[in-house]
Amino acid sequence: MTAFLLLPTLTLLARGLNASFLPTLLSPAVTDTLRVSLWTTGLSVLLTAALVTPVAFLLARFDFRGKAVLETLLDLPVVLPPVVAGLGLLLVFGRTGLLGAPLELAGVSVAFTPAAVVMAQLFTSAPFYLRAARAGFSAVDRDVEQAAQIDGAGRAQVFRFITWPLAFPFLLEGLVLAWARALGEFGATILFAGSLQGRTRTVTLSVYAALESDLGPALVLSAVMVCVAFTVLLVVRSLAARRG
1 MTAFLLLPTL TLLARGLNAS FLPTLLSPAV TDTLRVSLWT TGLSVLLTAA LVTPVAFLLA
61 RFDFRGKAVL ETLLDLPVVL PPVVAGLGLL LVFGRTGLLG APLELAGVSV AFTPAAVVMA
121 QLFTSAPFYL RAARAGFSAV DRDVEQAAQI DGAGRAQVFR FITWPLAFPF LLEGLVLAWA
181 RALGEFGATI LFAGSLQGRT RTVTLSVYAA LESDLGPALV LSAVMVCVAF TVLLVVRSLA
241 ARRG
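Once you know that position 104 of the sequence shown is 104 in the UniProt record's numbering, the rest is easy, because the numbers rise by one and skip nothing.
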């Protein structure tokens, strides 16, 4: 099993990290792809942190009717096939979609734009951060928070100086996982955003496109993805060890 898991990865590195690695990496097509991937995943991570953190805190600290159903629905993109997710986004935000038609009347086009790339990444990666953040807020000792309140701290101060720092390792781990998932997104992106060079073509889409014409860029980008994946796993394991 170890050989089965390692052989394809090592072969990608051996084929990708060759003499033409740097010139291919600096070629316009590859740099455009990396630029699109970096700024879209960066924006999706920022949106994930801003939009999902309050939801994670709510789910971790409060009980209410329908909570289990809501948690299941929010976790659904984790097990939902990405192509199905892309189709759902297209049916809602496409030109003839549920919200796409009103947006078109207002002069706003979403599908097959860079915004669609960010939305596809957000839809598929946000649940990974949600799960980690929810676990982080749940792990904070309530006695420590109550002690701070007894000493005169307000709710905002308790969250800022007690809850947030104690939960931060979980939140950071979740953001790393969400970024990695957004970087590797393919199915929802190609269906909802297309594969337009310099606009919506991310690393994974570029690898797929390069297979039809030139294997060189595909091998170089695959080697980069292997290195990124290894680094992400190393960071997550380091954060988990510190948390422990």
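The beta carbon of each residue, even a glycine, is placed where N, CA and C say it ideally should be.
For Val220, count neighbouring Cβ atoms within 10 angstroms of its own Cβ and tell me buried if that reaches 16, exposed if not.
Buried is the call here.
Restricting to runs no shorter than 4 residues, where is the alpha helix (DSSP H) found entirely within the stretch 51-119?
67-79, 82-93, 100-105, all fully within the stretch 51-119.
Residue range of the alpha helix (DSSP H) that Gly194 falls in?
Premise fails: Gly194 is in no alpha helix (DSSP H) and is neither H nor E.
So which of Pro127, Phe123, Phe93 has the shortest CA-CA distance to Thr113?
It is Phe93 whose Cα lies nearest to the Cα of Thr113.
Using the Cβ count rule (16 or more neighbours within 10 Å means buried), how would you classify Gly152?
By the 10 Å Cβ count, Gly152 comes out exposed.
Tell me the residue span of the alpha helix (DSSP H) that contains Glu145.
Residues 142-150.
I want to know whether the stretch 178-185 touches the stretch 54-64 - three or more CB-CB distances under 8 Å.
With the cut-off at 8 Å, the stretch 178-185 and the stretch 54-64 do not touch.
Based on Cα-Cα distance, which residue from Thr200, Leu34, Val176 lies nearest to Ala116?
For the residues Thr200, Leu34, Val176, the minimum Cα distance to Ala116 belongs to Thr200.
Starting from Phe170, trace the alpha helix (DSSP H) both ways and give me its first and last residue.
Phe170 -> alpha helix (DSSP H) spans 164-183.
Are at least three pairs of beta-carbons, each pair with one atom in the stretch 142-149 and one in the stretch 63-80, less than 8 Å apart?
The answer is no - the stretch 63-80 does not touch the stretch 142-149, with fewer than three Cβ pairs under 8 Å.
Should the stretch 182-196 be called in touch with the stretch 14-29, which here means at least 3 C-beta pairs below 8 Å?
Too few Cβ pairs lie closer than 8 Å, so no.
Which residue marks the beginning of the alpha helix (DSSP H) containing Thr200, and which one marks its end?
First-last for Thr200: undefined, no H or E at that position.
Measure from the alpha carbon of Ile162 to the alpha carbon of each residue in Val203, Ala147, Ile190, then state which is nearest.
Taking only the C-alpha atoms, the option nearest Ile162 is Ala147.
Span of the alpha helix (DSSP H) holding Phe4?
Phe4 -> alpha helix (DSSP H) spans 2-16.
Judging by CA-CA distance, which residue of Ala218, Leu233, Val118 is the nearest neighbour of Arg15?
Out of Ala218, Leu233, Val118, Ala218 has the C-alpha closest to the C-alpha of Arg15.
From Phe128 to Ala167, what distance separates their C-alpha atoms?
Using only the alpha carbons, I get a separation of about 15 Å.
Look up Ser44 in the DSSP assignment and say whether it is helix, strand or coil.
It is helical.
Check whether the stretch 25-38 touches the stretch 227-236, taking contact to mean three or more Cβ pairs, one atom from each stretch, closer than 8 Å.
Output reads no: the stretch 227-236 does not touch the stretch 25-38.
Excluding the 5 residues preceding and the 5 following Glu104 in the sequence, name in chain order all residues of the same chain whose CB lies nearer than 8 Å to its CB.
Cβ neighbours of Glu104 beyond the five flanking positions: Arg95.
Do Arg131 and Val78 have their CB atoms nearer than 9 Å?
Cβ distance < 9 Å, so Arg131 and Val78 count as in contact.
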